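Have a look at the structure below before the remarks.
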Amino acid sequence: MQYRCVSCGNVWEGREWRSACPRCGEAVTGVPHPTPKPEDPEKLIQFLLSLQREKGWLPREVLQETSRRLGVPLARVYQVATFYKAFSLAPRGRNVIRVCMGTSCQVRGSQMILERISNLLGISPGETTPDLQFTLETVNCLGCCAIGPVMMVNEKYFGNLDVSQVAKILEAHR
Amino acid sequence: MARLRSLEELERLREEILKGRDPSRPFIAVNTRSACGLAAGSEEVAEGLREEMEKRGVEGKVELRRTGCNGFCQMEPVVTVYPSEVFYVNVKPEDVPELVEGMEKGKVVERLLFQDPLTGQRIERAPDLPFYRHQRKILLHLNGRIDPTRIEDYLAEGGYRALARALFQMSPEQVLEEVKKSGLRGRGGGGFPTGRKWETTRNAPGEPKYVIVNCDEGDPGAFMDRSLMEGNPHSVLEGLIIGAYAIGSHQGYIYVREEYPLAVQNVSIALEQAREHGLLGEDILGSGFDFDVEIHRGAGAFVSGESSALMTAIEGRVGEPRPKYIHTAVKGIHDKPSCLNNVETWANVPLIILNGAEWFRSLGTPGSPGTKIFSLVGKVNYTGLVEVPMGMTLRDIIFKVGGGIREGKRFKAVQTGGPSGGVIPEQHLDTPVDFDELTRLGSMMGSGGMIVMDEDTCMVDVARFYIHFLLEESCGKCIPCREGLRVLDRILTDLCAGKGREGDLRLLEEITEVMSKASLCALGTTAVNPVLSTMRYFRSEYEAHLRGECPARVCKALTAYHINPDRCQGCLLCLRNCPSGAIRGEREVVHVIEQERCTRCGICYATCPFGAVEKLSPPVVPEARYGVRVKKEGRK
Amino acid sequence: MEIDGRVVRAREGETVLQAARRAGVEIPTLCYDEELEPYGACRICMVEVERGGRTRTVASCCYPAEEGLKVRTDTPELRSLRKTLLELASLTGGPEKEGSRFWRMVREYGADPSRLLSRVGGREGECILCGLCVRTCASVTQDGVLAFAGRGVERSVALFPEKTEYCRVCGHCSKVCPTGKIPPEGPAGAFPSVYERAKPLSKSSI
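Chains as they are written, first to last, in this note's numbering: chain B, 42 to 215; chain F, 483 to 1118; chain L, 48 to 253.
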């Protein structure tokens, strides 16, 4: 089974569950890296998810290629790519920040966190910094409600957030 | 690892595993197999423990086990020492050496124990915590005890015994009958009788038949499915295989929302390990029954959690709901019979097969047997996942299990059922939690989200929040939902901004009527519940907003902050903390908030030690007077 | 089954709408086309059905005809429902185009498009998102020059840059469009390209 490090993207072959990436040593866990069989139109969404993750966004050529390989009408590829929040048709930052705006997090001040990030990076939710370092997004509940406010940067979670911690977290990801 | 080919081989493996384990041998459990544990920093604590234990040469004697979450999320990182179940909370990496030393010497580290905010008492063992004492854990029982990435842990606790019994000692019809008799109802929201759904799928013409696990948990505030899938995925998988056997399905899908990458990970590992052991795939346990599962990840759409939409998404198409006049149990994926159940529903199945329908019925109420996992969040003292028998009253859940309202404030309402549910006010707190009871009150059980609100919550703002959420998540196909939500969103936003107009309330009622009658799917028809229930129980708040007042003092446009000159002690604290520099004052001179600069963020209100900051609604502030000396009084 | 008091024989596999039409009973529709699969988006065709004492309001274009069903297609409640639905649709369906099927229906039901529009302010794009152009194009060209993009209130019909050269200007989309948005010259002028919807890079600096 192949595993992929959520931090550096390194892919390695393993039989066992690993707790550290062999390349960067990050103590974050690898993610099973399934490759969907080509020519399987049913796997459109899964295929696009892998591509989105790999490239950070879905360029036009990639969508056309997907339509060809999976035998799915191009219109449907676009329909799917624009329906789901996970996909982006425009370039996204190297780091994707997702701030949880669920009920529990709102009550605990997620709005302040969002505003702080917005001010620090100079972008609004949905936008990407011109140097392509950061994309800021909001999510309707990450499911970590008891430790709100919560945000994710790439696939790492940051809970019990205080406004004062934001700048440091962002810098660490530059 | 050779595939197990018979019941005997399974039991022999189990014996082997148990022989290799000493039940009296201590192990430390750290929650790194769940997102909130990680978010709170449990990985650093776990690494710290590993290093410290190695340094002291303890790692041979005590096992460090990485587990899923025990539900008491605000206390993460949690470290539990078994078998005594000593419960350490909010553990930081700096605490590790003392913790390990204490464990070596058999002593408990007092300062790391849970301290009850209500009594000041320190409590040592998990089962004695008020949060856990009133719970009845049959589904979450192993969360926090086993490593979900090690199938041996699950087997050691009796895992897959139910599957073996179903495959070798029961016919598919008998399994179906048992589930029907148990009265199990869907835990995803609808509360539909599970046995009946299985039967419909089984009897529907057409092959192949599909079984599906719905882990698209999109309700804001709900995370029980995440906890089960991250912390004990085998329990869900076992239930799924048993269900497939009863229905006659050989292909299953697990739909996990994209926002749960760790759940996808842990489930993938579970599937791989199950396949290795012959518990999944061809000829399961040598019984001749074939069944395998595929994971399908969501891509960020709440509406795709609706059963017909989910199936459309699995087909690789846009996850929009279809008209459900023919049940998906009859025509689902590719128009074939498909049985979709929620994560928690599937997790109940092995227990029913192992302990019997009678046992299951002995828990809960006649109309809603069994337990339910709720995510109890909001303004309670103890927040997290709670598993209680159906029939426990809302009051008991909130005040006994949840420890009552935080900071001694007054209970106002509890919101259940997510965006499809409604609010329940104080007069109904003694209602037993039960599918039908909650629906009767204008709410619903939903997936189990339970958000507790106090006097500082604005009910119009609550309705606005949910409608705005649904507006963003609506698929937009049908007119009543798409445009109806647009209208509701506009009106509610205006109300909270003090821009409500005459006739708005009647318009809300008219549009919600159309939506509930004509929408294509349940997102649209139930979207009316947050609005209707808040209007039903808190209409006066709506009327107040029309007059420009927010009684809860929440809506920024309708609330002004003002420093009471009789209470201000001129301590400069609020002034220094104001992020907008909107407060003027000096030591021992009454501070004044400059209204044009004030962003109404509430920081001064939270900071003042004298309670001198007031929230005024309507936002009419007395004229500012500068340079007034404070009235001295004793400190609070 | 019974429709508006009359006994009607339906065929196996028919919907209530199909059975009604064959019997000469008029049920209004916007997104329905007998050459295409029922879509169920406009909800105008909703009728009351009664079975075993239970009454429901359902979309007749999708609801299967059943033995013993009692259908009512024209009650005061249904008329009121249709009127409000038309007013809701007007939020994106304007400005009014003389002679178009949609606006004729708006007048016929006495709907007042400005009532909700003045309260909410819609996005008048002359499109009610009925999907007829999209579905017709897909069935005629096997692939589709037009398709839906986005979801919720961001949902709209968009043109595919790669596909516009395939448009043979067959005129089908123009014929089925109920608001008259699509001119006979084809959809190229009427709808934005799907790329005009993607989020731009922020213009601000750090």
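The beta carbon of each residue, even a glycine, is placed where N, CA and C say it ideally should be. A quick note: this is a predicted structure, and the numbers were derived from the prediction, not measured.
TODO: Specify the secondary structure class of Met926(F) as computed by DSSP and reduced to three states.
DONE: coil
Open item on the list: Let me make sure I understand the geometry here. Which of Asn572(F), Thr601(F) and His616(F) has the alpha-carbon closest to that of Leu595(F)?
Closed with: Asn572(F)
Task: Closer than 8 Å at the beta carbon, the chain L residues around Lys999(F) - done: Result: Met93, Thr104 and Leu128.
- [ ] Could you tell me if Thr865(F) is buried or exposed, where buried requires 16 or more neighbouring beta carbons within 10 angstroms of its beta carbon?
- [x] buried
- [ ] At 3 residues or longer, and completely inside the region 751–808 of chain F: list those beta strand (DSSP E) runs for me, N to C.
- [x] 774–779
Open item on the list: Quick check: the Cα distance between Ile1075(F) and Ala979(F), rounded to an integer number of angstroms?
Closed with: 21 Å
TODO: For Leu132(L), return the contacting residues in chain F, with the cut-off set at a CB-CB distance below 7 Å.
DONE: Those are Ile961, Pro962, Val996 and Ala1000, listed as they occur along chain F.
- [ ] Determine whether the Cβ of Glu802(F) lies closer than 9 Å to any Cβ atom of chain B.
- [x] yes
Open item on the list: Please tell me whether Leu115(B) has its Cβ less than 9 Å away from any Cβ of chain L.
Closed with: yes
TODO: Return yes when the Cβ of Phe842(F) is within less than 9 Å of the Cβ of Gly626(F), no when it is not.
DONE: For the 9 Å CB-CB criterion, Gly626(F) and Phe842(F) do not form a contact.
Task: Cβ-Cβ separation, Tyr727(F) to Pro832(F) (assumed contact under 8 Å), whole Å - done: Rounded, the Cβ-Cβ distance is 12 Å, inconsistent with contact.
Task: Backbone CA spacing between Arg129(L) and Arg103(L) [nearest angstrom] - done: Distance from the CA atom of Arg129(L) to the CA atom of Arg103(L), rounded to whole angstroms, is 16 Å.
- [ ] Following the continuous beta strand (DSSP E) through Ile906(F), name the residue where it begins and the one where it ends.
- [x] Gly904 to Pro907
Task: Three-state secondary structure assigned by DSSP to Met652(F) - done: coil
Open item on the list: Please report whether the beta-carbon of Val859(F) lies at a distance below 9 Å from any beta-carbon of chain B.
Closed with: yes
TODO: Output yes if chain B places a C-beta closer than 9 Å to the C-beta of Arg549(F); else output no.
DONE: Before going further, note that residue 549(F) is Thr rather than Arg in the sequence given. Judged by the 9 Å Cβ criterion, Thr549(F) is not in contact with chain B.
Task: Beta carbon of Val718(F) nearer than 9 Å to that of Ile694(F) - done: no
Task: Gly721(F) versus Gly233(L) - alpha carbon distance - done: 54 Å
TODO: Report yes if the CB atom of Ile933(F) is closer than 9 Å to the CB atom of Gly703(F), and no otherwise.
DONE: yes
Open item on the list: Just to confirm, is the Cβ distance from Leu173(B) to Ser159(B) under 9 Å?
Closed with: No, the pair does not count as a contact, with Cβ atoms beyond the cut-off.
Open item on the list: Just to check my reading of the structure: Cys186(B) and Gly200(B) have Cβ atoms closer than 8 Å, yes? What is that Cβ distance to the nearest angstrom?
Closed with: At roughly 10 Å, the Cβ-Cβ gap does not stay under 8 Å, so Cys186(B) and Gly200(B) are not in contact.
Task: Of the listed residues Arg198(L), Glu113(L), Leu132(L) and Pro75(L), nearest to Arg162(L) (C-alpha basis) - done: Leu132(L)
Open item on the list: Against chain F, with Cβ distances strictly below 9 Å, would Cys89(L) count as a contact?
Closed with: yes
Open item on the list: Please tell me whether, using a cut-off of 8 Å, the distance from the CB of Ile973(F) to the nearest non-hydrogen atom of the ligand NAD is below it.
Closed with: Among the components modelled here there is no ligand, and therefore nothing to report on the ligand NAD.
Task: Assumed close pair Ala185(L), Ala196(L) - CB separation to whole angstroms, cut-off 8 Å - done: Not confirmed; about 14 Å, so no contact.
Task: Pair within 9 Å by beta-carbon distance, Pro565(F) and Asn748(F) - done: no
TODO: With DSSP as the reference, please indicate the residues paired to Asp936(F) in a beta bridge.
DONE: BP columns for Asp936(F) point to Phe893(F).
Open item on the list: Let's test the definition: count the other Cβ atoms within 10 Å of the Cβ of Leu546(F) and tell me whether it reaches 16, buried, or not, exposed.
Closed with: Classification of Leu546(F): buried, given that the 10 Å Cβ count is 16 or more.
TODO: Pull up the distance between the alpha-carbon of Glu954(F) and that of Pro805(F), whole angstroms please.
DONE: 21 Å
Open item on the list: Determine whether the beta carbon atoms of Leu481(F) and Gly760(F) lie at a separation below 9 Å.
Closed with: The question about residue 481(F) has no answer, for chain F in this structure spans 483 to 1118.
Open item on the list: By the DSSP assignment, the alpha helix (DSSP H) with Phe613(F) in it spans what residues?
Closed with: Pro612 to Arg615
Open item on the list: So Arg509(F) and Val544(F) are supposed to be a Cβ contact under 8 Å. How far apart are they, rounded?
Closed with: Arg is not the amino acid found at residue 509(F); the sequence shown has Phe there. With a beta-carbon spacing of about 6 Å, Phe509(F) and Val544(F) fall inside the 8 Å limit used to define contacts.
TODO: For Val200(L), decide whether its Cβ has a neighbour in chain F, counting only Cβ atoms nearer than 9 Å.
DONE: Taking 9 Å as the CB threshold, Val200(L) lines the interface with chain F.
- [ ] Go ahead and pull the three-state DSSP assignment for Val69(B).
- [x] Residue placement at Val69(B) cannot be trusted, given a pLDDT of 41 that sits under 50; the coordinates are not used to answer.
- [ ] Mind checking who Pro190(B) pairs with in its DSSP beta bridge?
- [x] BP columns for Pro190(B) are empty, so no partner.
Task: DSSP three-state assignment for Val812(F), whether helix, strand or coil - done: coil
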